[in-house]
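According to the working numbering, the stretch in the sequence shown is residues 7 to 227, in order. Ideal Cβ positions, reconstructed from N, Cα and C, are used throughout, including at glycine.
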Amino acid sequence: MIATLFKIAGYNIRKNYKRSALIGGTIFIGTIVFLLCSGLSRGIEETMMKTATTTWSGHVNVTGYYKTRGNYAFSGIIDSKILMKIIDKELSEGDYVVNRYRGFTRVSSNAQNIILNIKGVNLLKENNLVNLLRVTQGKWISLKKSFTVALLETQAKTLYAKIGDIITLSTKTVAGENNAIDVEIVAILKDVGFLSGGDYFTSQETAQALYGGGHFNLSKG
Numbered sequence: 007m008i009a010t011l012f013k014i015a016g017y018n019i020r021k022n023y024k025r026s027a028l029i030g031g032t033i034f035i036g037t038i039v040f041l042l043c044s045g046l047s048r049g050i051e052e053t054m055m056k057t058a059t060t061t062w063s064g065h066v067n068v069t070g071y072y073k074t075r076g077n078y079a080f081s082g083i084i085d086s087k088i089l090m091k092i093i094d095k096e097l098s099e100g101d102y103v104v105n106r107y108r109g110f111t112r113v114s115s116n117a118q119n120i121i122l123n124i125k126g127v128n129l130l131k132e133n134n135l136v137n138l139l140r141v142t143q144g145k146w147i148s149l150k151k152s153f154t155v156a157l158l159e160t161q162a163k164t165l166y167a168k169i170g171d172i173i174t175l176s177t178k179t180v181a182g183e184n185n186a187i188d189v190e191i192v193a194i195l196k197d198v199g200f201l202s203g204g205d206y207f208t209s210q211e212t213a214q215a216l217y218g219g220g221h222f223n224l225s226k227g
């Protein structure tokens, strides 16, 4: 029975070989296009996820609210060591844990000012971040010095700033008071898309000097 069906199929293919070739070619091309689109979509999804979780601090973010006055509450965590132990125990499947100072600041140069998210990082524990964001000018290692920042290319262009320039960071402190510090640009990083466009990076000591207190978020990647 099966042999007969194969004979009939072979006869039809030989008799209408042009139509068979057209149908076969269409199926082949359609399959290739489908596989290429699937691979491209998968690659974009993985890249976006990696960029978002690395620059925005992982899949899980832990924070709290510290009320310094009756009408002012500050987002932050006071004692990270206790929470680090809890996170390590409850989320043991995570790849890594980092703590970062985070907040909104006004970044001002002599020519322009913009609102950006500050990320105070510890470079010794930020291998994923350092590997993701490629330096085009300056060095990541220079960020270990106090009162220094690393900007993305788009941010530097908007501020008309370059390596070695002094810019001003301003925000509200933990106590709700206005504060500003001058910092030096020591690194300019290659853009990695819109997911990282609103963030810039400093050392944790610089962020603490700006906010005037212990303010940071824990993140499990």
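For L175, there is no enclosing alpha helix (DSSP H); the residue is part of the beta strand (DSSP E) that begins and ends at 172-178. By the Cβ rule, the segment 146-159 counts as touching the segment 189-196, because three or more pairs are nearer than 8 Å. In this structure, the CA atom of T208 is about 7 Å from the CA atom of I124. The alpha carbon of G100 has as its nearest neighbour, out of K87, A79, H65, N185, the alpha carbon of H65. Following the DSSP letters along the chain, one finds G109 inside the beta strand (DSSP E) bounded by residues 103-114. The C-beta distance from T57 to G126 rounds to 19 Å, too long to fall under 8 Å, and the pair is not in contact. Cβ-Cβ distances below 6 Å link A117 to Y166 in the same chain, with the five nearest sequence neighbours on each side left out; the list follows chain order.
Take T142, set aside five residues on each side of it, and the residues of its chain with a beta-carbon closer than 8 Å to its own are E159, I194, L195, K196, in chain order. With fewer than 16 neighbouring CB atoms inside 10 Å of its own CB, G70 falls in the exposed class. Across the set A181, R112, V198, Y206, the C-alpha of Y206 shows the shortest separation from the C-alpha of L149.
About 6 Å separates the beta carbons of T164 and I120, which is inside the 8 Å limit, making them a contact pair. By the Cβ neighbour-count rule, E132 is buried, with 16 or more other Cβ atoms within 10 Å of its own. Taking G204 as the centre and dropping the five residues before and after it, the same chain places the C-beta of L122, N123 closer than 7 Å to its C-beta, in chain order. For T69, the three-state secondary structure derived from DSSP is coil. Considering only L97, Y78, S81, N105, the residue with the shortest C-alpha distance to K87 is N105.
Excluding residues up to 5 positions away in sequence, Q143, A162, I191, I194 lie with their Cβ nearer than 8 Å to the Cβ of K168 in the same chain.
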